[in-house]
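Single-structure report; data block below.
Number of protein chains: 2
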Amino acid sequence: MASQPPAIARDKPDATAAKPLRADAQRNRDVLVEVAAVAFAAHGVDASLEEIARQAGVGIGTLYRHFPTREHLVEVVYRREVESLCAAADELALHHPPDIALEQWMRRFVDYIATKRGLATSLRILLNTNSTLFSDMSGRVSLALRQLIEAAVAHGSIRSDVDASDVLHALGGIYSAPDTEDWRDRSRRLVSLLMDGLRFGAGRSAKG
Amino acid sequence: MASQPPAIARDKPDATAAKPLRADAQRNRDVLVEVAAVAFAAHGVDASLEEIARQAGVGIGTLYRHFPTREHLVEVVYRREVESLCAAADELALHHPPDIALEQWMRRFVDYIATKRGLATSLRILLNTNSTLFSDMSGRVSLALRQLIEAAVAHGSIRSDVDASDVLHALGGIYSAPDTEDWRDRSRRLVSLLMDGLRFGAGRSAKG
DNA sequence: CACTAAAACGGAGGCGCCTCCGTTTATTAC
DNA sequence: GTAATAAACGGAGGCGCCTCCGTTTTAGTG
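Here's what the structure looks like:
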């Protein structure tokens, strides 16, 4: 009876308002995500969490405090990678003519998917389970793509009668294509083909 | 060079022709499936396989020889249970008037689903992964149901303007209903309701 | 019956999962 | 600076997974 808890639970800051972590905690968390990204890419989503903790130089307990389940960690890594893919769009747009930026970005998209191929099944389960995740991420990607395309259209370097969803649809074929040995080459060729098509008739409608 | 394997692999008996197991192997296998069915019902599909082996009185190695992955075991148990549900249809048809048989069978169906509720997620993953399984099983179930219904219609104890797929559709609601506390009661009521509807206008079309 | 080859058994061992809790560290107040 | 406290750390421990391989059992054969 000596010390009482402070009256009632009073502060409910907000669902999204993550309170700032202590400096060391933040540092460890960042390292964990970094290492996990590499590990998942190398060994799939079943990579050993103990190994990840070890490589991050923290105890397994620390890993579990930050990410209570494997799926939490996978989700964070996945979000981060999609984020960086989208950020690359802005990056490219700054330093290249719009059509080049678009092409480069699609190449990165292929590379990105390439690293996820092995994880397809596990990721699909995760995306089924957590449907917010899927819509969030595909929304982000299609926004990035849309901006690239609109810029290229405005610049007159690609035709104007296409939009992001058309191109995304075409890229979708990359994702669902069978996992053959020459997948990557074929995908690159598809991107080139797509770009040729987009550039053809630049500055006017395709109707002519 | 002393002993050669017999020329070429010669006998390809048939995909479905499972070679007969040695007596002890068959015995162990049966016990394992039996025990696993109970364990999965009690603890979900994540039940400890070592515990199952222990209760079956065999080594863990034996379990893994018979069922190389957890999913194999789950699938066999699942098939067996659907099988027995369908067999119950014949059973009931022999010993009851057709409409009673139908009603009783639907009650069993509810009970059966009840034991599977907790496993919904895992099972759904399994069914997604192994789509043959799903179509096989729902085919078996709807066949059993169809026979019960046709018998009852022929006997004149339920109306004649319904078929198995209508009823199956109605029962489908049971499966996908939210997992509330009174789920079982509600499902039983649904079955009663359904039977009343089916009996109403027995021997003639519902049009009148 | 005895003998043999093939089939099946079973559990030790190595690894990963995850929890729990005693220890350490960053932060805040003085 | 020091003290106090909440936050974070980390690894031991218990359990389950799955493989591997020496031992046992079965089903033929003479």
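Taken in sequence, the protein lines are chains A and B.
Residues in the first sequence are numbered from 1 upward in steps of one, following this note's numbering.
Residues in the second sequence are numbered from 1001 upward in steps of one, following this note's numbering.
Positions of the beta carbon are idealized from the N, C-alpha and C atoms, including for glycine.
| query | result |
| --- | --- |
| Terminal residues of the alpha helix (DSSP H) in which valine 191/A lies | 183-199 |
| Integer-rounded CB distance, given that alanine 89/A should sit under 8 Å from tryptophan 105/A | 5 Å |
| Cβ-Cβ separation, alanine 1170/B to arginine 1146/B (assumed contact under 8 Å), whole Å | In fact, because the Cβ distance is near 14 Å, the residues do not count as touching under 8 Å. |
| Three-state secondary structure assigned by DSSP to phenylalanine 109/A | helix |
| Test item: CB-CB of proline 1098/B and alanine 1152/B under 8 Å | yes |
| Closest Cα partner of arginine 184/A within the set Thr115/A, Val167/A and Phe134/A | Thr115/A |
| Nearest neighbour of isoleucine 1060/B, chosen from Leu1032/B, Phe1040/B, Ile1174/B and Thr1132/B [CA to CA] | Leu1032/B |
| Residue of Arg1070/B, Asp1046/B, Gly1044/B and Val1035/B minimising C-alpha distance to arginine 994/B | Residue 994/B is absent from the structure shown; chain B starts at 1001 and stops at 1208. |
| Whether isoleucine 174/A touches serine 187/A by CB criterion (8 Å) | yes |
| Distance between beta carbons of isoleucine 125/A and isoleucine 1125/B, contact taken as under 8 Å | 6 Å |
| Reference threonine 180/A, options Arg117/A, Arg29/A and Gly201/A, closest by Cα | Arg117/A |
| Cβ contact (3+ pairs, closer than 8 Å) linking the stretch 131-141 of chain A and the stretch 1131-1144 of chain B | no |
| Residue from Ile1052/B, Val1058/B, His1043/B and Val1045/B with nearest C-alpha to arginine 1027/B | Val1058/B |
| Nearest residue (CA-CA) to threonine 1132/B, options His1066/B, Val1045/B, Arg1079/B and Ser1192/B | Arg1079/B |
| CB contact flag (arginine 107/A, valine 191/A, <8 Å) | yes |
| Per-residue DSSP class, three states only, for glycine 1139/B | helix |
| Integer-rounded CB distance, given that glutamate 50/A should sit under 8 Å from alanine 39/A | Not really, about 11 Å apart at Cβ, beyond 8 Å. |
| Where proline 1098/B sits in the DSSP three-state scheme | helix |
| CA-to-CA distance, alanine 1056/B to valine 1077/B, given in whole angstroms | 15 Å |
| Nonlocal neighbours in the same chain, by C-beta distance under 8 Å from arginine 1199/B, ignoring five residues either side | Asp1099, Ser1157, Ile1158 and Arg1159 |
| Through-space distance from threonine 1129/B to glutamate 1083/B, alpha-carbon basis | 21 Å |
| Sub-8 Å separation of alanine 1037/B and glutamate 1081/B beta-carbons | yes |
| Contact check, histidine 72/A vs arginine 29/A, beta carbons under 8 Å | no |
| DSSP state of isoleucine 1158/B mapped onto helix, strand, coil | coil |
| Secondary structure of asparagine 128/A, DSSP reduced to three states | helix |
| Straight-line gap, methionine 1001/B to lysine 1019/B (C-alpha atoms, nearest Å) | Low confidence applies here, because methionine 1001/B scores a pLDDT of 34, under 50, leaving its location unreliable; read the following figure in that light. Distance between the alpha carbons of methionine 1001/B and lysine 1019/B is about 29 Å. |
| Coarse secondary structure for lysine 116/A, derived from DSSP in three states | helix |
| Among Ala1023/B, Ile1113/B, Thr1062/B and Leu1194/B, nearest to alanine 1177/B - alpha-carbon criterion | Ile1113/B |
| Option in Val1074/B, Val1167/B and His1155/B with minimal Cα separation from histidine 1096/B | His1155/B |
| Simplified DSSP state of alanine 93/A, which is helix, strand or coil | helix |
| 6 Å CB neighbourhood of glutamate 1103/B in its chain, flanking five on each side removed | Met1195 |
| Contacting residues, own chain, Cβ-Cβ under 7 Å from alanine 1202/B (five flanking each side not counted) | Gly1156, Ser1157, Ile1158 and Arg1159 |
| Neighbourhood of leucine 1021/B by C-beta, 8 Å cutoff - its chain only, sequence neighbours within 5 removed | Arg1029 |
| As assigned by DSSP and simplified to three states, the class of leucine 21/A | coil |
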